[in-house]
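Which chain is which? The protein sequence lines are A and B, in order. Per my numbering, residue 580 is the first one in the first sequence, and the count goes up by one each step. Per my numbering, residue 6 is the first one in the second sequence, and the count goes up by one each step. Beneath this line is the structure, given in structure tokens, with notes to follow.
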Amino acid sequence: NAGVTQTPKFHILKIGQSMTLQCTQDMNHNYMYWYRQDPGMGLKLIYYSVGAGITDKGEVPNGYNVSRSTTEDFPLRLELAAPSQTSVYFCASSYLSGGETQYFGPGTRLLVL
Amino acid sequence: DQQVKQNSPSLSVQEGRISILNCDYTNSMFDYFLWYKKYPAEGPTFLISISSIKDKNEDGRFTVFLNKSAKHLSLHIVPSQPGDSAVYFCAALAGGTSYGKLTFGQGTILTVHP
Chain A
580 NAGVTQTPKF HILKIGQSMT LQCTQDMNHN YMYWYRQDPG MGLKLIYYSV
630 GAGITDKGEV PNGYNVSRST TEDFPLRLEL AAPSQTSVYF CASSYLSGGE
680 TQYFGPGTRL LVL
Chain B
6 DQQVKQNSPS LSVQEGRISI LNCDYTNSMF DYFLWYKKYP AEGPTFLISI
56 SSIKDKNEDG RFTVFLNKSA KHLSLHIVPS QPGDSAVYFC AALAGGTSYG
106 KLTFGQGTIL TVHP
């Protein structure tokens, strides 16, 4: 099992550009999450999904969109990138809704200039 | 509004001694607490958890204590090892249909010196 994989590892984006961060899990988990971590801060939930076709907003959803067409994939879309979206983005998946079973990917470091 | 706070950005201890990492929370709806460990360039990994119906949970060298009245929890690592050097995040879950939506603290960088 590869677990949770994220691409790219690092990207530089210009202000106003758009991009999609990819997240794939091969554990057949129902729950998937996107978090962002700013320097010196904890992870904040952007969006989450409880199954294919079902998504909902987390704590900081503005400027992002998600879709969940399959169990495996949960891409995060940034539209009109802003410097405030410079962050490290973590995707996680979970078989159950509890926190112990959340497996995190290695993260995508995004720089918006 | 930081609902989960880790007020110590960093902690340095000697190998073999005890490491104590602290976490405070403000939301009374939180009823499940977790600690995650994170190495550089990796995602967080689950370490230990505690339900609000308990005041202590132990797993090997790691023990988490919960003081509900003070809204405070702590992670004790005994004895500390150099491999424990990492960032430690406290996280909380609210009851009911939380769907695993974790609220994280800012993290504490633990350095264990040989």
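The beta carbon of each residue, even a glycine, is placed where N, CA and C say it ideally should be. Just so you know, these numbers come straight off a predicted model, no measurement behind them.
Fill in: the region 629-640 of chain A / the region 19-30 of chain B touching (three or more Cβ pairs under 8 Å)
no
Discussion item. Pairs of beta-carbons, one from the region 83-91 of chain B and one from the region 586-600 of chain A, closer than 8 Å: are there three or more?
Written reply: no
Worksheet item: How many whole angstroms separate the CB atoms of residue 41 of chain B and residue 26 of chain B, which I take to be in contact at a CB cut-off of 8 Å?
Response: Against the second sequence, residue 41 of chain B aligns to sequence position 36. Against the second sequence, residue 26 of chain B aligns to sequence position 21. Rounded, the Cβ-Cβ distance is 11 Å, inconsistent with contact.
Worksheet item: residue 44 of chain B to residue 587 of chain A, Cα distance in whole Å?
Response: By one-based count along the second sequence, residue 44 of chain B stands at place 39. By one-based count along the first sequence, residue 587 of chain A stands at place 8. Roughly 19 Å separates the two Cα atoms.
Item to complete: Could you check how far apart the C-beta atoms of residue 668 of chain A and residue 600 of chain A are, in whole angstroms? I think they sit under 8 Å.
Response: If you number the first sequence from 1, residue 668 of chain A lands on position 89. If you number the first sequence from 1, residue 600 of chain A lands on position 21. Indeed, because the Cβ distance is near 6 Å, the residues count as touching under 8 Å.
Practice prompt. Just mark residue 589 of chain A as buried or exposed, buried being the case when its beta carbon has 16 or more other beta carbons within 10 Å.
Written response: Taking the first residue of the first sequence as 1, we reach residue 589 of chain A at position 10. When all chains shown are included, residue 589 of chain A counts as exposed.
Worksheet item: Contact check, residue 65 of chain B vs residue 621 of chain A under 8 Å by CB: the rounded distance?
Response: Along the second sequence, one-based indexing puts residue 65 of chain B at 60. Along the first sequence, one-based indexing puts residue 621 of chain A at 42. Contact doesn't hold; Cβ gap of about 25 Å is too wide.
Item to complete: Quick one: list the residues of chain B neighbouring residue 669 of chain A, beta-carbon separation under 9 Å, in chain order.
Response: Here residue 669 of chain A corresponds to residue number 90 of the first sequence, with the count starting at 1. Those within 9 Å of residue 669 of chain A in chain B are 48 and 49.
Item to complete: Measure from the alpha carbon of residue 71 of chain B to the alpha carbon of each residue in B:82, B:94, B:48 and B:36, then state which is nearest.
Response: Looking up residue 71 of chain B in the second sequence gives position 66. Considering only alpha carbons, the answer is B:36.
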